[in-house]
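In order, the protein sequences belong to chains A and B.
Here the first sequence is numbered in the numbering used here, starting from 671 and rising by one per residue.
Here the second sequence is numbered in the numbering used here, starting from 671 and rising by one per residue.
The beta-carbon is built from N, C-alpha and C at its ideal position, and this holds for glycine as well.
One structure is given below, encoded as structure tokens.
2 protein chains.
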Amino acid sequence: MEPHEPDLTAVPVTTVLAALADDVRLQIVRALAEGGESACGSFDFGVSKATRSHHLKVLREAGLTRTRAAGTSRLVRLRRDEVDKLYPGLLDAVLSQRPPA
Amino acid sequence: MEPHEPDLTAVPVTTVLAALADDVRLQIVRALAEGGESACGSFDFGVSKATRSHHLKVLREAGLTRTRAAGTSRLVRLRRDEVDKLYPGLLDAVLSQRPPA
DNA sequence: GACGATGTTCGATAGTTGTCGAACAAGGGT
DNA sequence: ACCCTTGTTCGACAACTATCGAACATCGTC
């Protein structure tokens with residue numbers, strides 16, 4: 671089943687915001703923004719792999735990330751250009767708040 | 671009971687984003703951004719007044735609005751300056767998506 | 001081909017949230 | 001004083017969501 675990666679313009683703002691309105695997903699987005707393309711398994715934020723997979727799906731279906739297969743892994747990357755173009759300042763604003771020290 | 675209007679810096683980003691991730695609340699924010707300070711009753715978006723009151727509470731407790739009593743009404747206004755200062759571009763980005771024509 | 005690693009999907013469950021009507025509170029006007 | 005208007009609060013209920021373990025799928029390797 672090919673991953674469902676919608677055109678960002680087709681996704682309601684509320685869906686994009688809801689996707690970002692979760693701590694685990696925000697940590698994933700932060701990691702992607704700083705570390706670039708990463709394997710799913712690199713996001714170990716204290717949740718099971720089932721939950722992690724779920725969060726990555728939410729981000730993907732919100733149009734925020736792209737996923738591609740790479741051997742036995744899957745590489746995820748942030749669709750930064752597209753997001754910044756459609757919602758200038760959004761990611762910067764969201765990522766500006768530093769994680770709890 | 672005095673309205674609970676927290677310092678925006680004390681509110682987690684996820685809470686701010688969650689507050690904006692709802693259609694009704696987004697319509698309220700849009701109305702406030704365009705029309706300035708308005709009475710609660712002016713936000714008739716097809717929900718009951720109980721629901722409307724709930725949404726205004728969510729926005730207020732996310733640090734996005736302020737409310738003051740004015741006779742029998744209550745006037746709500748967007749804390750635009752503070753939001754723009756802490757999350758530059760966020761409101762612009764969110765408000766940029768036009769409501770369904 | 002069997003095995004191990006990496007992810008996804010399924011079913012279940014607990015918690016959160018949007019919604020409503022009804023009851024309540026407070027102001028203003030007649 | 002009474003009423004009407006404007007909002008808030010209180011249950012209640014349905015829908016959604018975050019979470020997990022277990023089962024499944026897929027790829028590379030031995």
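Is there a Cβ of chain B sitting closer than 8 Å to that of residue i, yes or no?
i	result
P758(A)	yes
L690(A)	yes
Q697(A)	no
G763(A)	It should be noted that the sequence gives Ala, not Gly, for residue 763(A). Closer than 8 Å: yes.
A771(A)	Residue placement at A771(A) is poorly supported in this model, since its pLDDT is 42, which falls under 50; the coordinates still yield a value, given next. Closer than 8 Å: no.
T735(A)	no
D714(A)	no
D677(A)	no
H674(A)	no
For residue i and chain A, any beta-carbon pair shorter than 8 Å?
i	result
A680(B)	no
L687(B)	yes
S766(B)	yes
T721(B)	no
T684(B)	yes
D751(B)	no
Would you call the CB atoms of residue i and residue j closer than 8 Å?
i	j	result
V699(A)	L687(A)	no
E752(B)	L678(B)	yes
Evaluate residue i with the Cβ neighbour count: other Cβ atoms within 10 Å of its Cβ, from every protein chain shown; 16 or more gives buried, anything less gives exposed.
i	result
T684(A)	buried
R738(B)	exposed
G716(A)	exposed
Which whole-angstrom value is the C-beta distance of residue i and residue j, which I expect to be below 8 Å?
i	j	result
A709(B)	L745(B)	6 Å
H725(A)	R695(A)	5 Å
A763(B)	Y757(A)	4 Å
L760(A)	G759(B)	6 Å
A703(B)	F713(B)	A703(B) to F713(B), Cβ: 13 Å. No contact.
E675(A)	R736(A)	6 Å
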